[in-house]
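Quick notes on the structure that follows.
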Amino acid sequence: MEKIQLIGSRITSITAKRDQEFSGEVSIKTNIQIVSFDSVPEDDSTMKTSYVFEIDYGDLGNVKLNGVIFVKTTTEVIASLIESLSEKKIEMEEHAYITNLIIQKASIKAFELEDELGLPIHMNLPKVQIKDKE
Numbered sequence: 012m013e014k015i016q017l018i019g020s021r022i023t024s025i026t027a028k029r030d031q032e033f034s035g036e037v038s039i040k041t042n043i044q045i046v047s048f049d050s051v052p053e054d055d056s057t058m059k060t061s062y063v064f065e066i067d068y069g070d071l072g073n074v075k076l077n078g079v080i081f082v083k084t085t086t087e088v089i090a091s092l093i094e095s096l097s098e099k100k101i102e103m104e105e106h107a108y109i110t111n112l113i114i115q116k117a118s119i120k121a122f123e124l125e126d127e128l129g130l131p132i133h134m135n136l137p138k139v140q141i142k143d144k145e
């Protein structure tokens with residue numbers, strides 16, 4: 012895999028809601044959609060990735076974040092990623108790496124919103140456990 016360096020990220024819009032009257036079982040579905048890969052005209056080794064990160068809690072509520080991340084990489088990788096998205100192929104390691112960057116950046120904001128709204132956390136966090144003494 013070619014080297015990819017995160018150089019910036021930004022949330023462009025936030026939608027979050029919770030139904031206070033909800034009672035019942037909660038199902039959590041997370042959807043990450045890369046909307047576009049674009050080369051930055053001022054610097055052909057910089058790529059802008061637009062995305063939508065959505066957590067659906069069914070009738071309980073939802074959290075939706077639109078955002079962009081900026082990465083530095085080679086012009087060849089940028090061209091390949093743009094082509095792979097237009098052909099709906101997500102087989103490149105670089106694509107997976109960028110998706111993981113989106114998950115990291117968007118999850119931080121989603122955790123904050125989930126806490127404020129009283130929604131369940133959308134992913135399992137590490138837990139400390141005490142070992143049994145034998």
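In the working numbering, the protein residues as written are 12 to 145.
Every residue, glycine too, gets a C-beta built ideally from N, C-alpha and C.
Predicted, not measured: the structure shown is a model, and the values here were computed from it.
For the 8 Å CB-CB criterion, G72 and L136 do not form a contact.
For N111, the enclosing alpha helix (DSSP H) begins and ends at E104 to L128. Looking only at E94, D49 and V79, the smallest Cα-Cα distance to I22 is reached by V79. Within the same chain, and ignoring the five residues on either side of L112 in sequence, the residues whose Cβ sits closer than 7 Å to its Cβ are L17 and I80.
The beta carbon of A121 is closer than 8 Å to those of F64, I66, V74, L76 and H133 in its chain, skipping five residues each way along the sequence. Contact between I101 and M58 fails: their C-beta atoms lie close to 16 Å from each other, not under 8 Å. Here I119 is exposed. Its C-beta has fewer than 16 other C-beta atoms within 10 Å. Judged by DSSP secondary structure, S34 falls outside any beta strand (DSSP E); it is assigned neither H nor E.
About 6 Å separates the Cβ atoms of I43 and T110, confirming a contact at the 8 Å cut-off. Cβ atoms of L124 and I45 stay farther apart than 8 Å, at about 21 Å. CA-to-CA, the gap between I25 and G35 works out to about 26 Å.
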